[in-house]
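Under our numbering, think of the first position of the sequence shown as 6, with each following residue one higher. All C-beta atoms in this analysis are idealised placements derived from N, C-alpha and C, irrespective of residue type, glycine included. Before any comments, here is the structure.
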Amino acid sequence: IALGPLIAPHFWHKHFPKVSAFWAIVFAAPFLIWNVNLAIQEILHIYLIDYIPFIILLWGLFTISGGIFVGGALKGSPRLNTIMLVIGTFLASLIGTTGAAMVMIRPMLRANEHRRNKVHLIIFFIFLVANIGGSLTPLGDPPLFLGFLHNVPFFWVTTGLLKEMLLTAGIVLVVFFVLDTILH
Numbered sequence: 006i007a008l009g010p011l012i013a014p015h016f017w018h019k020h021f022p023k024v025s026a027f028w029a030i031v032f033a034a035p036f037l038i039w040n041v042n043l044a045i046q047e048i049l050h051i052y053l054i055d056y057i058p059f060i061i062l063l064w065g066l067f068t069i070s071g072g073i074f075v076g077g078a079l080k081g082s083p084r085l086n087t088i089m090l091v092i093g094t095f096l097a098s099l100i101g102t103t104g105a106a107m108v109m110i111r112p113m114l115r116a117n118e119h120r121r122n123k124v125h126l127i128i129f130f131i132f133l134v135a136n137i138g139g140s141l142t143p144l145g146d147p148p149l150f151l152g153f154l155h156n157v158p159f160f161w162v163t164t165g166l167l168k169e170m171l172l173t174a175g176i177v178l179v180v181f182f183v184l185d186t187i188l189h
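Structure (structure tokens):
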């Protein structure tokens with residue numbers, strides 16, 4: 006799914022619904038053949054207990070964060086970019102990775118519009134804000150939210166992964182700062 010738009014963009018955009026339906030059938034058909042009643046029960050369970058609540062969460066985070074505008078006359082430098090990534094990383098566990106990404110991406114892009122080399126900013130933004138930062142609460146990370154829906158305690162991850170999250174984010178931030186300093 007990630008490589009489809011890159012390898013065959015015209016085909017992908019024209020036939021995406023058909024490709025999605027094909028893969029859904031490939032995975033569901035054997036299950037339906039094996040045990041129709043259990044398959045229908047499990048498919049409904051996935052939709053009603055996992056998928057719809059997840060979409061509602063994303064909808065809420067998208068709606069809330071979509072109305073937030075962070076302005077200012079920031080000039081992207083390695084230090085400022087690192088600070089913005091730190092803020093985005095911690096926001097991700099508070100307002101979700103989707104919300105933090107929506108709030109922080111525009112200021113990051115505006116602050117660095119003058120720079121020639123800036124692709125790495127987006128890559129590290131994805132690493133930190135859209136992934137690592139969301140590892141502390143179910144709001145921040147879809148798999149953790151699904152765990153929460155299946156009775157994993159809400160703050161289990163916060164207390165269980167804080168050290169690992171800080172270590173990982175710290176290493177990635179140091180690598181980012183060094184690379185951004187070289188490219189600046």
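- In this structure, the beta-carbon distance from Gly165 to Ala97 does not fall below 8 Å.
- Secondary structure at Val134: coil, using DSSP grouped into helix, strand and coil.
- Closest in alpha carbon position to Asn117, among Val91, Gly175, Ala135, Pro83, is Pro83.
- As summarised for the segment 20-107, the continuous alpha helix (DSSP H) elements at least 4 residues long and confined to that stretch are 41-50, 57-71, given in chain order.
- Measuring C-alpha to C-alpha distances from Ala105 to each of Leu133, Asn86, Lys123, Lys80 identifies Leu133 as the nearest.
- Short of 6 Å from the beta carbon of Gly9, and not among the five residues preceding or following it, lie these beta carbons of its own chain, in chain order: Trp17.
- Annotation: the continuous alpha helix (DSSP H) that includes Leu11 extends over 9-12.
- In the three-state reduction of the DSSP assignment, Thr142 falls in the coil class, being assigned neither a helical nor a strand state.
- In the assembly as shown, Asn86 is a buried residue. Its beta-carbon has 16 or more other beta-carbons within 10 Å.
- Looking only at Ile92, Arg120, Phe59, Tyr52, the smallest Cα-Cα distance to Lys80 is reached by Arg120.
- One Cα belongs to Lys19, the other to Ala13, and the distance between them is close to 10 Å.
- A direct Cα-to-Cα measurement between Leu63 and Ala135 gives close to 13 Å.
- The DSSP-derived three-state label of Glu169 is helix.
- Distance from the CA of Ala7 to the CA of Ile69, rounded to the nearest whole angstrom, comes to 27 Å.
- Its chain contains Asn122 as the residues whose beta carbon lies nearer than 6 Å to that of Leu188, once the 5 sequence neighbours on both sides are disregarded; these appear in chain order.
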